[in-house]
Every structure is written in structure tokens, then in C-alpha cells.
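Structure first, then comments.
Have a look at this one:
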């Protein structure tokens, strides 16, 4: 039982929560670039948050069901419809529906945000490595995703939550903050997301951010959200970044705002605001608790709707 990739879209990969315990071995974290959206898609499918789904960047694709298959979508809004013998049925984003064997799920371009997630009950059963199915290899037309038969009611969650994309991304001073010639360079913005950005990181265009000259030095550990100053340009590391970096690490995006990096698309504006460590910790706790509560409500409603 499976889902056939007819058109893979722009850049579609399988993601889960990545490999958080493997960085000491030089293995990137990986996983969904927008974990909140992935968690919502999984909740709509009745899954735990760590099951594997599809991450579609900027444009969705076309997928054909080889069996009756429940599908759930969340993340960037895009036109979505199931096309088959019964005609054409729109699927809301976020939302869920059931594909009959032979139906096709047709997805358009992202209308807001950058990434949309597709989940199915039980998750996609692609090969796992080091405890994760996360991969940086995009799927191609003709590929087949293993998934078990399932059903989901056609529904849209009542509590659709979306953050204001114009709000500044909150940061903490990084270990190389003292190297900034003028820390205000970071917060005066806004910067623009360069088209060369990827899951590895965002390249931001804007006024130069000057740092004091430094002698050659050893690379140091970095994590997703690290803000680096490279030749006057800002780089913000994403979930697929490496484990070591040599550019000055001038700031760090707080944990509560990491998902927002995965929602930025080429040309979007990005501004920064410095917060205190205590505030960053509080915001992280609140964001985690809010997402757990939201996912629980969605899963509970989905149990009542399946038929």
C-alpha cells in the first residue's frame, strides 16, 4: 500500500523530528523546518508529533493513492484538491480528507509561508537511519512512499493559529557579539531573504553588518538559529546546517522562533529584536505548552470525526 509521486513539486522531502542526539558525531539535526506545522499535520492524522511526513517547499506536488488513504495538510496555505472518479474535492490547509484508491491529491503554490506538510495515519514508512527517517534527498516523479490504508474525515481544525510574519525574530547575543562594530546593525533592518537560501540556512541581504577583524581561529560548534556575520552578510543557520562553523557567531535565534525561519521565503523581510535569556526561556516554555495543548485538541477532535 502506498502513495505514488506523480509530480514532486519544487523540493519535497520526508521529514520527522530529525536526529537530536547525533550532533556529537557530526550528524546535522535535520527534521522539519517548521516543526509546529508538522506537529499540526500529524495531529490531524491522529499521529504522535514524531512520525514522518512530507515537507513541500514553495510548491506542492501531485500524489496518487494506491489504496484508500487518509491525508492531512498543515503549514503554508496553498490550493489543494483530491481529483478522482468522484470529481474534484477541495482540501483546506490546514485540514484532512480521505483519498480513494486511484485518486490524486493535487497541490498548488504556497500562498503564504514557505513549507506545507502532508501527513497520513501511521506516518510514511521510508527507511530510517540513526533513529530518523529525515532526509535531504528530494523525491522524484515515479517514487513510491510506503503507507498503510487509512481513513480521515474531511475537516478543518477550529483553532487555526498563525503568527504575524512581520513581527521581529527574537535573538540572544551570541558568543561573538562583542565583535560587532555596531550591534544596532542587527536590529535596524529589515533584511531580505536571498533566493539562495535553503534548509541549511537563510542568506540575508541588506545593510552590511561589520565585525572587527579577527585572526584565523578554529571552527566552533553551531546549532540551528545561529546568526553568523560573513563578509558583511548575515547567515542564519537552518535545521540542516552542519555541526561546526567558522564565521563569527554574533547572535542566536531563540528556540520559540526557530520555526519562523522555516516559513520565510525568498524576498521576505526579516527583522531582529534582542531579548533577555530569561524571556527567551519563558517564551520557549509557553510555545511548547501551547503547541502540546493545540495538538491534543486536534487529535481528540479527529478521533470523534473518523468514520
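Numbering (this note's numbering), first residue to last: 7 to 313.
All C-beta atoms in this analysis are idealised placements derived from N, C-alpha and C, irrespective of residue type, glycine included.
Computed from a prediction, not measured in an experiment: that's the story for all the values here.
If you follow the beta strand (DSSP E) that residue i is part of, which residue opens it and which one closes it?
i: residue 94; result: 93-96
i: residue 46; result: Per DSSP, residue 46 belongs to no beta strand (DSSP E); it is in the alpha helix (DSSP H), 41-50.
i: residue 13; result: 8-13
i: residue 233; result: 232-236
i: residue 281; result: From DSSP, residue 281 is part of no beta strand (DSSP E); its letter is neither H nor E.
i: residue 130; result: Per DSSP, residue 130 belongs to no beta strand (DSSP E) and is neither H nor E.
i: residue 122; result: 121-125
i: residue 85; result: 84-90
i: residue 71; result: 68-71
i: residue 63; result: 59-63
i: residue 245; result: From DSSP, residue 245 is part of no beta strand (DSSP E); its letter is neither H nor E.
i: residue 76; result: 75-81
i: residue 257; result: 255-259
i: residue 104; result: 101-105
i: residue 207; result: 207-211
Short of 7 Å in beta carbon distance, which residues of its chain neighbour residue i, apart from the five on each side in sequence? Order them along the chain.
i: residue 270; result: 120, 199, 208 and 276
i: residue 313; result: Here residue 313 scores only 43 on pLDDT, less than 50, and its place in the model is too uncertain to base an answer on.
i: residue 230; result: 35, 243, 244, 245, 247 and 264
i: residue 235; result: 215, 217, 253, 254 and 256
i: residue 29; result: 35 and 249
i: residue 297; result: 42 and 45
With a threshold of 16 other CB atoms inside 10 Å of the CB of residue i, please say whether the residue is buried or exposed.
i: residue 278; result: buried
i: residue 61; result: buried
i: residue 135; result: exposed
i: residue 129; result: buried
i: residue 163; result: buried
i: residue 124; result: buried
i: residue 23; result: buried
i: residue 37; result: buried
i: residue 286; result: buried
i: residue 57; result: buried
i: residue 224; result: exposed
Judging by CA-CA distance, which residue of the options is the nearest neighbour of residue i?
i: residue 293; options: 32, 29, 43 and 156; result: 43
i: residue 126; options: 28, 178 and 45; result: 45
i: residue 161; options: 52, 285, 266 and 13; result: 52
i: residue 94; options: 11, 266, 81 and 112; result: 112
i: residue 205; options: 266, 224 and 186; result: 266
i: residue 288; options: 299, 261 and 163; result: 261
i: residue 221; options: 190, 185 and 194; result: 185
i: residue 187; options: 219, 10 and 272; result: 219
i: residue 15; options: 273, 66, 27 and 285; result: 66
i: residue 142; options: 25, 291 and 272; result: 25
i: residue 153; options: 71, 37, 22 and 273; result: 71
i: residue 146; options: 291, 17 and 290; result: 17
i: residue 337; options: 170, 9 and 118; result: Outside the shown range of the chain (7 to 313) lies residue 337, about which nothing can therefore be said.
Leaving aside the five residues before and after residue i along the sequence, list all residues of the same chain whose C-beta is less than 6 Å from its C-beta, in chain order.
i: residue 158; result: 76, 102 and 104
i: residue 85; result: 114
i: residue 49; result: 301, 304 and 305
i: residue 268; result: 39, 40 and 121
i: residue 132; result: 20 and 139
i: residue 32; result: 249
i: residue 68; result: 12, 13, 110 and 112
i: residue 182; result: 254, 255 and 256
Quick one: what's got a C-beta closer than 8 Å to residue i's C-beta in the same chain, skipping five residues either side?
i: residue 90; result: 105, 106, 108, 109 and 110
i: residue 237; result: none
i: residue 239; result: 209, 210, 211, 214 and 215
i: residue 191; result: 213, 214, 215 and 216
i: residue 228; result: 234, 243, 247, 248, 249, 250, 251 and 255
i: residue 47; result: 59, 78, 79, 80, 81, 100, 123, 124 and 125
Hey, would you say residue i sits closer than 8 Å to residue j, going by beta carbons?
i: residue 151; j: residue 122; result: no
i: residue 73; j: residue 196; result: no
i: residue 137; j: residue 257; result: no
i: residue 201; j: residue 19; result: no
i: residue 177; j: residue 280; result: yes
i: residue 99; j: residue 88; result: no
i: residue 82; j: residue 55; result: no
i: residue 251; j: residue 282; result: no
i: residue 203; j: residue 272; result: yes
In the DSSP assignment, the alpha helix (DSSP H) including residue i goes from what residue to what residue?
i: residue 36; result: Element bounds for residue 36: n/a, residue is neither H nor E.
i: residue 193; result: 190-194
i: residue 264; result: 264-267
Please find out if some non-hydrogen atom of the ligand NAD comes closer than 7 Å to the beta-carbon of residue i.
i: residue 48; result: Judged by which ligands are present, the structure shown has none, so any question about the ligand NAD falls away.
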